[in-house]
Structures are given as structure tokens and as C-alpha cells.
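Each remark here refers to the structure printed beneath this line.
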Amino acid sequence: GDCSWAWDDHHLEKDNLWATIREEIARDSKAEPICSSFLFSTVLAHNTIEESLAFILANKLDSPVLPATQLMQLFLEAFKSDEIRSDFLADLLATYDRDPACKQYSSCLLYYKGFHAVQTHRVAHYLYRRGRASLAILLQSRASETFHVDIHPNATVGKGVMLDHATGVVMGESTVVGDNVSLLHHVTLGGSGKSTGDRHPKIGSGVLIGAGAVVLGNVKVGNCSKIGAGSVVLADVPPRHVAVGVPARNIPLVGSDTTAPVQDMNQLYDI
Amino acid sequence: GDCSWAWDDHHLEKDNLWATIREEIARDSKAEPICSSFLFSTVLAHNTIEESLAFILANKLDSPVLPATQLMQLFLEAFKSDEIRSDFLADLLATYDRDPACKQYSSCLLYYKGFHAVQTHRVAHYLYRRGRASLAILLQSRASETFHVDIHPNATVGKGVMLDHATGVVMGESTVVGDNVSLLHHVTLGGSGKSTGDRHPKIGSGVLIGAGAVVLGNVKVGNCSKIGAGSVVLADVPPRHVAVGVPARNIPLVGSDTTAPVQDMNQLYDI
Amino acid sequence: GDCSWAWDDHHLEKDNLWATIREEIARDSKAEPICSSFLFSTVLAHNTIEESLAFILANKLDSPVLPATQLMQLFLEAFKSDEIRSDFLADLLATYDRDPACKQYSSCLLYYKGFHAVQTHRVAHYLYRRGRASLAILLQSRASETFHVDIHPNATVGKGVMLDHATGVVMGESTVVGDNVSLLHHVTLGGSGKSTGDRHPKIGSGVLIGAGAVVLGNVKVGNCSKIGAGSVVLADVPPRHVAVGVPARNIPLVGSDTTAPVQDMNQLYDI
């Protein structure tokens with residue numbers, strides 16, 4: 067199956083998305099006056115979704131280390147990048163699309179720490195690539211403290227990526243994650259050994275990785291494959307296979323169904 | 067064995083419990099003057115255990131999103147419910163009863179993030195059931211950020227429930243947990259697939275779930291059963307069985323002992 | 067192999083270490099003016115590494131419960147202990163030595179929550195041994211909230227210990243960890259059952275424990291052994307063995323190589 071991400075085909079256009087989020091929030095604000103000042107300052111007060119997201123992240127990551135005002139500037143600067151903007155929109159739509167508990171676009175924007183962690187990473191990665199390693203590592207550290215997700219700023223993360231629940235996710239320095247991937251909580255994409263260089267997993271597109279799975283070393287997980295919850299993957303997984311067990315073995319995905327695992331989000335497996 | 071929870075039988079009555087907690091804190095406050103202002107404001111200044119707990123949780127969950135003063139009001143309102151009150155007392159007694167490292171009732175009240183996460187969930191659930199979904203989801207999100215426990219407000223949690231250590235616990239939208247259950251840290255009661263509706267585990271009473279275990283889908287774990295640490299459960303577990311392995315197989319609990327696993331808290335298993 | 071820790075042999079002397087950290091920070095501060103006030107207050111303003119670390123931890127653990135000023139005093143008092151000082155230096159050098167993503171000594175000092183959690187534990191342990199249990203338990207609780215690492219203050223932790231990524235690490239009341247040990251994130255050194263007394267693992271020196279591994283009960287893991295990611299260890303592991311699987315079986319470490327697993331940090335295993 068083609069695992070490329072194509073949010074334009076089945077989703078709101080960007081301008082409609084922002085309008086929809088504002089409508090959701092206006093409704094919530096009316097229903098819950100106790101939240102209205104918070105909902106105004108995070109969403110309704112802003113002209114664009116980029117500005118709203120920068121404000122939300124800056125306030126969550128705020129600390130004496132780097133105050134919200136300075137973080138806000140950093141985030142706004144990074145969000146001028148077309149790539150980051152289209153990535154975070156794809157992530158938001160992916161979450162709404164794949165998580166049946168996500169009933170409003172605004173829930174993901176305001177409340178999902180997996181979404182917040184990935185967007186913080188995108189900014190850290192942007193800085194890291196521009197020679198600002200120490201600032202990028204500071205952001206990595208604040209995201210690990212705040213969202214409990216530890217992604218090295220050098221890791222490359224595609225678009226349409228969802229971290230569901232997110233607590234405990236780890237991605238090492240030379241990790242590459244494709245487009246249209248979902249990782250449940252506690253997933254480790256880890257290195258092995260003290261050697262420097264390319265030592266972390268390469269995850270294809272359309273992949274679903276179950277809760278608590280550990281993938282170690284410079285292994286390749288093929289497009290449209292799935293890794294079972296609690297499995298430990300130490301070797302390549304071919305495309306359209308499911309890897310299960312400790313250590314995992316690879317089993318072809320059965321049937322003529324060419325849906326990517328990330329689309330049905332089914333963590334179960336038959337073996 | 068009967069797995070119902072009966073804290074009145076082997077524990078302090080409620081009034082004695084509050085008096086005992088105040089005595090513990092008065093003693094600690096005298097021994098550690100450095101903590102006395104904190105111990106006064108959290109415990110000694112209050113007339114009831116409900117007021118004390120509301121104050122403790124409101125301050126832990128405090129943020130610009132929803133300040134402590136407003137949280138305190140929400141918690142006090144929910145704690146007028148007899149059911150929530152009796153549930154949190156049972157949780158507190160269960161923790162004291164089952165965790166040998168818990169040497170004072172007040173330690174659980176003040177310091178156990180698993181206890182705090184469950185009580186925050188009880189309030190979120192209370193609000194959710196009364197049509198206040200957006201506020202409930204905000205509380206879920208704050209609890210996930212603060213206590214590293216992610217429980218959907220629609221999940222139903224019985225009384226006498228302990229989350230030990232608690233980091234990383236996840237319970238999805240249609241989860242049901244019985245009375246008198248203990249979950250170690252990193253336990254996932256997760257859904258599978260994008261279908262809405264009833265898609266999460268149903269955990270019986272008297273059940274013990276070991277560290278890092280993953281239970282997926284609308285499966286039934288019977289009363290007085292046990293799930294081994296690191297196990298992945300994808301199918302029903304009959305009553306009085308232990309489920310172990312990745313994926314787990316079910317083994318009858320041996321011997322004439324009818325003690326519920328939750329009572330001896332023994333995570334080990336013989337296979 | 068001899069798994070004892072000997073940082074003097076291959077590392078900077080203590081005074082050189084502090085001078086090196088100040089040089090790193092002076093360089094970073096010049097390159098990132100946005101961070102300079104933070105870097106000045108945490109490192110450059112201090113005369114010793116002890117003072118710097120006390121300031122860093124006090125600010126991270128700061129809360130209305132126990133404000134940074136009082137925490138700073140507690141940490142400075144504990145850091146007068148030669149043992150704690152030499153332990154935290156060994157931990158810092160171990161992290162620099164073993165984590166290829168750690169490119170500056172100062173990164174570990176400022177940003178690694180595993181390092182922060184272990185040093186907070188050392189202070190909690192110091193207080194606990196001096197009869198200040200309630201204060202020690204308060205520190206344990208703050209560390210669990212802040213660093214997502216839950217170590218009982220009675221646990222004994224050797225020197226040269228690294229918690230890599232750290233989210234979700236748990237060590238129970240009677241745990242003993244030797245010198246020169248590395249634990250990845252989500253590692254549980256847990257008890258079993260409600261019995262009090264000696265009920266937690268004893269980890270030898272030179273040991274490497276992979277991500278998500280669970281070790282339960284009063285079992286002994288021998289020197290220079292390794293526990294595979296996601297494995298569940300319920301029985302003793304002899305020296306120079308690797309334990310893998312759920313539940314784990316023990317396999318001798320092959321070859322004439324006498325390097326401790328903690329030195330090559332290789333989480334992979336051949337079975």
C-alpha cells in the first residue's frame with residue numbers, strides 16, 4: 067500500500083481548520099465560563115494557528131531556564147518554516163483521524179502532550195540544524211521534563227506522526243521516522259553501544275508501534291509494518307510485516323488488505 | 067474468594083482516620099520544622115480530610131490554565147458526593163494496607179502520585195458524567211502532565227484501587243476497573259483500532275496487574291486474577307488465573323489459597 | 067573482569083572537571099545570549115561544582131512544599147559528605163563516558179534528569195540514614211513528580227551509576243545497586259508481596275539493564291551481567307551472564323572479552 071501522507075484529500079483545508087478550532091473553542095468557552103479566560107488567551111486571542119501553538123508551547127515549557135516570552139519568539143521564528151507548519155498540521159489531523167477519543171481538533175492542540183512533544187522537537191531540530199545545538203538540547207531537556215518524551219534534536223521525524231498518550235517515548239540521536247507513523251506510549255527507538263554515528267532505528271512510513279515496544283540499533287522497519295506491544299525488535303522488519311515477541315520475530319501481514327497499520331491503529335496481532 | 071472491598075472490617079473508621087493523619091502530621095511537623103508551614107497548610111489547617119485532599123490536589127494541578135482557587139472549588143463540589151468520598155477513603159486505606167513502604171496514612175495523602183491521579187480522575191469522571199466533557203478532558207490532561215497517568219474521564223474505576231509508583235499508567239475511554247485492584251506502574255489498559263464504542267479492558271475485582279503489563283482491547287480479566295509484569299494480554303483471562311508472557315497465556319492459580327492476588331501483592335509467578 | 071569504578075584513571079581530575087565545565091558554559095553563553103542569564107546563575111556564578119549542582123537541583127525541585135532556598139541549604143549540607151561528592155562526580159563522568167549523545171560534561175550537569183534524580187536520591191538517602199525519614203520521603207515524592215524516577219530513600223546506590231533517559235525508573239525500599247551500573251529508562255527494581263524486610267533486587271557492579279526490564283524480588287544479579295530490554299527477571303542472574311525473555315533465562319556472556327557490559331553499553335543480545 068502507499069503509505070504516503072495526504073491530509074489534503076480527506077481533511078479540512080488549513081484555513082477551515084483554524085476556523086473550526088475557533089468555533090469549537092467559542093462553544094466550549096460559553097459552556098464552561100471557568101475556562102474562558104484560558105481559552106481566550108490560548109486560542110481566541112490569536113490570528114493564526116501558528117501563533118496559538120507557539121503561545122501554548124511557550125507557556126507549557128516556561129521556566130526560569132528560558133521564560134515563555136523568549137520561547138514564544140523562538141517558536142514563532144521556527145514556524146515561519148513552511149515545512150514545520152505543514153508537518154504540525156499533518157500531525158494534528160493525524161491525531162484527530164486516528165484517536166477515537168479525540169472528538170475535537172482543539173483537544174489535540176490544547177491538551178495532547180504527545181503532540182506538544184513532537185512540535186517542540188520540530189523546533190529543537192530546526193535550531194540544531196542551524197548550528198544552535200546547546201539551545202536545542204535545552205529544549206529537548208525541557209520537553210523531557212514537561213511531556214515525558216525524550217527526542218534527541220538530531221532525530222528526523224516525518225509528518226503525520228502521532229504519539230498516543232506519549233509518556234516515556236524515547237528517540238535517539240540518529241533515529242529516522244517516516245511519514246504517517248503512530249507510536250504508542252513507552253516506545254523506545256534506542257541506540258546500542260557507545261559507538262557514535264548511525265546507531266538508531268529507521269522507521270518507514272505507515273508504521274504502527276504498540277505500547278512499550280523497544281526497537282534497538284540501526285535496524286530498518288519497512289513501510290506499512292507493525293510492531294506488537296511489549297515486543298523487542300533487534301533486527302530488520304520487512305515491509306508489511308508484524309514483529310512480535312521478546313525478541314521479536316517477523317510475520318507477514320495477512321490478507322489482501324493493503325491498509326497501512328497506522329490507518330486502522332489495531333495493536334492486536336494474531337500469531 | 068470474595069474480592070469485594072470491605073475497609074470497615076480491618077481499618078480505622080473515617081473519623082479516626084482523619085484524627086490519626088493529623089497526629090502523624092503534628093509529629094512530623096515537630097520533628098521537621100522545615101516542613102511545618104507546608105504541613106500546616108495542607109493538613110492541620112483543614113477541618114476534614116475532603117478539604118485537605120482538595121487543597122493538596124488543587125495546588126498540585128495549579129497552572130495558568132486553571133488556577134488552584136478554581137480547582138479547589140471544583141474538587142470540594144465533587145467531594146460532596148458520598149460515592150467519591152467513600153472511594154477515596156478506600157483507596158487510601160488500600161495503599162496503606164498493601165504497600166509495605168507506606169508507613170503512615172499521611173504519606174499516601176500527601177505524596178503518592180498514583181493516589182493523586184486516581185482522585186483527580188474521580189473528579190474528572192464526576193464532571194464528565196454531568197455533561198462537562200471539556201472541563202473533564204482538561205483535568206485529564208493536567209493529571210497526565212503532573213502525575214504521568216493518563217485516564218480517560220469516561221473510564222470507570224472501582225474503590226480500593228491503588229496505582230503503585232504510577233508513572234506511565236494509561237486507561238482508555240471504555241475501560242472498567244473493579245473494586246480492590248492494584249496496578250503497578252506502566253500498566254496499559256488500552257484500546258485497539260479506530261472503532262469507537264466499547265473497545266477497552268474490563269478488569270474484575272481483586273486483580274493485581276504487574277509492572278509494564280499491557281492489556282489491549284475489550285477483553286475481560288476475571289475476579290482474583292493476576293497479570294505478570296511485562297506481559298501482553300490480548301484475550302480474556304478467566305477468574306483466579308495468572309496471565310504471563312508476550313503474548314500471555316493463562317495458567318490457573320494453584321493451591322487451596324483463596325486469597326486475592328491483590329491482597330498478597332505478589333508479582334512473582336511460577337510457570 | 068574487575069567492575070570497580072576508577073574514574074581517576076581515564077578522566078579529568080575534579081578541579082579540572084569544574085574548570086572544563088565553566089569553559090564549556092562560557093562558550094555556550096557567548097554563542098547563545100538568550101541562555102546567558104540562565105547559564106550564569108546555574109554555573110558561572112558559583113565557586114564549586116557542589117554549589118552549582120545544589121542550585122540546579124533546588125530550582126528544579128522548588129515548590130510551595132519546600133522552596134528552593136530551603137532545598138539549597140539541604141543539598142549544600144549533604145554535599146559536605148565526601149562520599150556523596152565523590153559519588154556524583156563518578157556519576158557525571160560515567161554519563162559523559164557512556165552516552166555518545168553527551169558531548170559536554172555540562173550537558174549532564176544541567177539537563178539530564180536521570181543524573182538529577184540520582185543526586186536527589188543521594189541527598190534523600192543521606193537524610194533518611196540520619197533519622198529524617200519524613201523529609202526524605204518528601205524529596206522522593208518531589209523527584210518522582212519532577213524527574214519521573216521513584217527511588218525509595220532507603221535504597222543503596224553505588225557510584226558511577228547512570229540512568230539513561232530515566233523516565234519511569236523505579237527502585238524499591240531494600241534495593242542495592244553496585245558501582246558502575248547503567249539503567250535505561252523504565253527499569254523496575256521492584257519488590258514482591260506485602261512482606262516487609264529485604265524484598266528487592268541486589269544488582270552487582272558493571273551491570274547494564276536494558277530499557278523496560280523488570281527485576282522483581284530479592285534476587286541477585288551478578289557482577290558484569292546484562293539484562294535484555296523488556297525482560298522480566300524473577301530469579302538470580304550469575305556473574306557475566308545475560309538474562310533475556312519474559313520470564314528471563316540466563317545465558318553466559320560469550321567470548322574472551324572481559325569488558326563489563328556497562329562499558330560497551332550494548333543492549334543487543336544474541337540468543
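Keeping their order, the protein sequence lines are chains A, B and C. Counting with full-length UniProt numbering, you get residues 67 to 337 for the letters of the first sequence. Counting with full-length UniProt numbering, you get residues 67 to 337 for the letters of the second sequence. Counting with full-length UniProt numbering, you get residues 67 to 337 for the letters of the third sequence. Backbone N, C-alpha and C fix where the C-beta goes; we use that ideal spot for every residue, glycine too. Predicted, not measured: the structure shown is a model, and the values here were computed from it.
At a Cβ threshold of 8 angstroms, is residue i touching chain B?
{"i": "C/Thr212", "result": "no"}
{"i": "C/Thr222", "result": "no"}
{"i": "C/Thr262", "result": "yes"}
{"i": "A/Tyr171", "result": "no"}
{"i": "A/Met331", "result": "yes"}
{"i": "A/Lys292", "result": "no"}
{"i": "C/Arg198", "result": "yes"}
Comparing the C-beta of residue i with each C-beta of chain C, is any distance below 8 angstroms?
{"i": "A/Asp216", "result": "yes"}
{"i": "B/Ala277", "result": "yes"}
{"i": "B/Ile203", "result": "no"}
Would you tell me roughly how many angstroms separate the C-alpha atoms of residue i and residue j, rounded to the nearest one?
{"i": "B/Arg93", "j": "B/Ala85", "result": "12 angstroms"}
{"i": "A/Ala156", "j": "B/Asp153", "result": "42 angstroms"}
{"i": "B/His187", "j": "C/Pro327", "result": "42 angstroms"}
{"i": "A/Val308", "j": "A/Tyr335", "result": "8 angstroms"}
{"i": "A/Leu140", "j": "A/Cys174", "result": "22 angstroms"}
{"i": "C/Ile317", "j": "C/Val223", "result": "26 angstroms"}
{"i": "B/Val189", "j": "A/Leu110", "result": "27 angstroms"}
{"i": "B/Ile217", "j": "B/Ser210", "result": "8 angstroms"}
{"i": "residue 340 of chain C", "j": "A/Gly272", "result": "Because chain C here runs from 67 to 337, residue 340 of chain C falls outside it and cannot be looked at."}
{"i": "B/Ser107", "j": "C/Leu300", "result": "43 angstroms"}
{"i": "C/His214", "j": "C/Tyr178", "result": "12 angstroms"}
{"i": "C/Val303", "j": "A/Val303", "result": "30 angstroms"}
{"i": "C/Gly197", "j": "C/Ala232", "result": "28 angstroms"}
{"i": "B/Leu201", "j": "A/Ser103", "result": "13 angstroms"}
Output yes if chain A places a C-beta closer than 8 angstroms to the C-beta of residue i; else output no.
{"i": "C/Thr233", "result": "yes"}
{"i": "B/His252", "result": "yes"}
{"i": "B/Pro130", "result": "yes"}
{"i": "residue 57 of chain C", "result": "Nothing about residue 57 of chain C can be reported from this structure: the residues present for chain C run from 67 to 337 only."}
{"i": "B/Gln136", "result": "yes"}
{"i": "C/Asn125", "result": "yes"}
{"i": "B/Gly180", "result": "no"}
{"i": "C/Leu249", "result": "no"}
{"i": "B/Val287", "result": "no"}
By Cβ distance below 8 angstroms, which residues in the same chain neighbour residue i in space, the five residues on each side in sequence not counted?
{"i": "B/Met138", "result": "Ala120, Phe121, Ala124"}
{"i": "C/Ala134", "result": "Ala124, Asn125, Leu127, Asp128"}
{"i": "A/Ser147", "result": "Tyr192"}
{"i": "A/Arg315", "result": "Ala309"}
{"i": "A/Arg265", "result": "Gly238, Glu239, Ser240, Gly257, Ser258, Gly259, Gly283, Asn284"}
{"i": "C/His112", "result": "Ser118, Phe121"}
Which residues in the same chain have their Cβ closer than 7 angstroms to the Cβ of residue i, if we skip the five residues on either side of it in sequence?
{"i": "residue 58 of chain A", "result": "Beyond the ends of chain A as shown, which are 67 and 337, falls residue 58 of chain A; an answer cannot be given."}
{"i": "C/Leu105", "result": "Ile91, Asp94, Ser95"}
{"i": "A/Gly311", "result": "Ser297"}
{"i": "A/Ile203", "result": "Pro219"}
{"i": "A/Val320", "result": "none"}
{"i": "B/Cys101", "result": "Asp94, Ser95"}
{"i": "C/Leu158", "result": "Tyr171, Cys174, Leu175, Phe181"}
{"i": "A/Arg151", "result": "Glu116, Phe145"}
Please return the same chain residues whose Cβ sits closer than 6 angstroms to the Cβ of residue i, not counting the five positions on each side in sequence.
{"i": "B/Ala160", "result": "Gly226, Met228"}
{"i": "B/Lys292", "result": "Leu274, Val308, Pro327"}
{"i": "C/Pro99", "result": "none"}
{"i": "A/Ile115", "result": "Trp84"}
{"i": "A/Lys268", "result": "Val242, Lys286"}
{"i": "B/Arg208", "result": "Leu127"}
- Message: For the structure I just gave you, are there three or more beta carbon pairs, one from the segment 85-96 of chain C and one from the segment 278-286 of chain B, closer than 8 angstroms?
- Response: no
- Message: List, from N- to C-terminal side, the alpha helix (DSSP H) runs of 4 residues or more that fit wholly inside the UniProt domain "Serine acetyltransferase N-terminal" (83-186) of chain B.
- Response: 102-105, 115-127, 134-144, 148-164, 171-177
- Is there contact between the segment 235-243 of chain C and the segment 122-141 of chain B, where contact requires at least three CB pairs shorter than 8 angstroms? no
- Message: Across the segment 241-257 of chain B and the segment 224-233 of chain B, are there enough close Cβ pairs to call them in contact, namely three or more that are closer than 8 angstroms?
- Response: yes
- Message: With three or more C-beta pairs closer than 8 angstroms as the rule, is the segment 116-124 of chain C touching the segment 193-202 of chain C?
- Response: no
- Could you say if the segment 162-181 of chain C and the segment 260-273 of chain A meet the contact criterion of at least three C-beta pairs nearer than 8 angstroms? yes
- Length-filtered (4 minimum) alpha helix (DSSP H) runs lying within the segment 229-288 of chain B: none
- Task: Compile a chain-ordered list of the residues in the segment 91-114 of chain A whose CB is closer than 7 angstroms to at least one CB of chain F.
- Result: Absent here is chain F; the protein component of the structure consists of chains A, B and C.
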